[in-house]
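Peer 1: Residue numbers (my numbering): 377 to 718.
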């Protein structure tokens, strides 16, 4: 019997619990706190690999005049409580995604904490930030954001999935109606207008819907320098992300001899795995290419990795010429908040 069918009764129970929880927040029977600063929540319903981090980096770029800051849970970090990122912070201390953002945007204050309200209050009080970006907070309803942006994966449509444990959704997809903006991410760059309209019809929402794709940058060394490799280079591609197939496909598009190693999302590398990776590269004369997020964790083993290591950075691009429209909506929220609170 299909495992999903066996888990379906538990999925129905979980979905019912989440629906009741959301109703209690909607009816203000469960308490949410607001901030003195505008808060933009970026989250998802489908777990893992939807591309929240590239979108937050997009927000950072357009919100520079407002000195944005970022709040995150810091998933799989080894620390507890409130931790503010510094130039010495590692993925172990703040999590790989906050570490990635801080590495690329060192001027942006980043705080990780299980209690997002505490982290937001700290940034609002101790930094000059004028807008807080709350990472992965769509289900964290004890904090009330002013603008909710839901990121969903083109390859894993919400309408054809189940909630936990039979599926990969954190809550029933009716939760999409809480979003002010929905971004369908990881689309094909050549997505047609007809398919765009079909997806919009499937989503059946009053939210503004945008479409984006992921673009890969130049290979980059740990010290931030871009580099190139001949197409004949033998590659060991290592990924510990939610959906690694696009990464592997991109590497194989440029190199003929690619060996894959895949780990679970946010995988914490063991010393034995680092040794095995190094031995494979040395014995087979391969160069290690990894994802930008994995690079943040591998940096901790830089002295043990006595091999050539580069990572492939990514960035998000809004499709159909609607980047300005999306950016305007986000900036309008921040400006209106400022006017209302002066």
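Positions of the beta carbon are idealized from the N, C-alpha and C atoms, including for glycine. Small disclaimer: the values here were computed from a predicted structure and weren't measured.
1) Looking only at DSSP bridge pairs, what is residue 586 linked to?
2) Compute the Euclidean distance between the alpha carbons of residue 610 and residue 668, then round it to the nearest angstrom.
3) Between residue 590 and residue 697, which are expected to be in contact by the criterion C-beta below 8 angstroms, what is the C-beta distance as a whole number of angstroms?
4) Which whole-angstrom value describes the C-beta separation of residue 598 and residue 613, a residue pair presumed to lie in contact below a C-beta threshold of 8 angstroms?
5) Let me make sure I understand the geometry here. Which of 483, 516 and 685 has the alpha-carbon closest to that of residue 496?
6) Measure the Cβ-Cβ separation of residue 446 and residue 405 and say whether it is below 7 angstroms.
7) Our contact map puts residue 686 next to residue 507 with C-beta atoms below 8 angstroms; I'd like the distance itself, whole angstroms only.
8) What is the C-beta distance between residue 512 and residue 448, in whole angstroms, given that I count them as a contact (C-beta under 8 angstroms)?
9) In chain order, what residues of the same chain lie with their CB nearer than 6 angstroms to the CB of residue 708, ignoring the 5 residues before and after it?
10) Can you check DSSP and say which residues form a bridge with residue 529?
11) Measuring straight from C-alpha to C-alpha, what distance separates residue 657 and residue 403?
12) Answer yes or no: does any C-beta atom of chain B fall closer than 7 angstroms to that of residue 444?
13) What are the partner residues of residue 596, as DSSP defines its beta bridges?
14) Run through DSSP, which three-state label would residue 547 get?
15) I'd like to check one pair, residue 525 with residue 423: are the Cβ atoms closer than 7 angstroms?
16) Roughly how far, in whole angstroms, is the beta-carbon of residue 556 from the beta-carbon of residue 523, given that I think they are within contact range, below 8 angstroms?
17) Could you pull out every unbroken alpha helix (DSSP H) segment of at least 4 residues lying fully inside the segment 431 to 519, listed in chain order?
18) In whole angstroms, what separates the C-alpha of residue 653 from that of residue 471?
19) Please return the same chain residues whose Cβ sits closer than 7 angstroms to the Cβ of residue 567, not counting the five positions on each side in sequence.
20) At which residues does the alpha helix (DSSP H) containing residue 426 begin and terminate?
21) Give every residue of the same chain whose Cβ lies closer than 8 angstroms to the Cβ of residue 444, excluding the five residues on either side of it in the sequence, and list them in chain order.
22) Quickly, what does DSSP pair residue 591 with across the bridge? List them, please.
23) Taking its Cβ as the centre, do 16 or more other Cβ atoms sit within 10 Å of residue 393, making it buried, or is it exposed?
Peer 2: Taking the structure as given:
1) DSSP lists 559 as the beta-bridge partner residues of residue 586.
2) Computed Cα separation, rounded: 20 angstroms.
3) With a Cβ gap of about 18 angstroms, residue 590 and residue 697 do not count as contacting.
4) In fact, because the Cβ distance is near 17 angstroms, the residues do not count as touching under 8 angstroms.
5) Of the candidates 483, 516 and 685, the one whose C-alpha sits nearest the C-alpha of residue 496 is 516.
6) Contact flag unset, no.
7) Residue 686 to residue 507, Cβ: 34 angstroms. No contact.
8) Between residue 448 and residue 512 the Cβ distance is about 7 angstroms, and since that is below 8 angstroms, they are a contact.
9) So the list is empty, once near-sequence residues are dropped.
10) Paired residue(s): 561.
11) Linking residue 657 to residue 403 through their CA atoms gives a straight-line distance of about 57 angstroms.
12) Absent from the structure: chain B. Only one protein chain is present.
13) 602 and 687, per the DSSP bridge assignment.
14) Residue state, collapsed to three classes: coil.
15) No, the Cβ-Cβ distance between residue 423 and residue 525 is not below 7 angstroms.
16) The C-beta distance from residue 556 to residue 523 rounds to 5 angstroms, short enough to meet the 8 angstroms contact threshold.
17) Those alpha helix (DSSP H) runs which fall completely within the segment 431 to 519 and span 4+ residues are 467 to 470, 472 to 480 and 492 to 502.
18) Approximately 22 angstroms, taken between the alpha carbons.
19) 587 and 695.
20) Note, residue 426: premise wrong, no alpha helix (DSSP H); not H, not E.
21) For residue 444, where only same-chain residues beyond five positions count, the Cβ hits under 8 angstroms are 435, 436, 484, 505, 506, 507, 508 and 509.
22) Residue 591 is bridged to 691.
23) Label assigned to residue 393: exposed.
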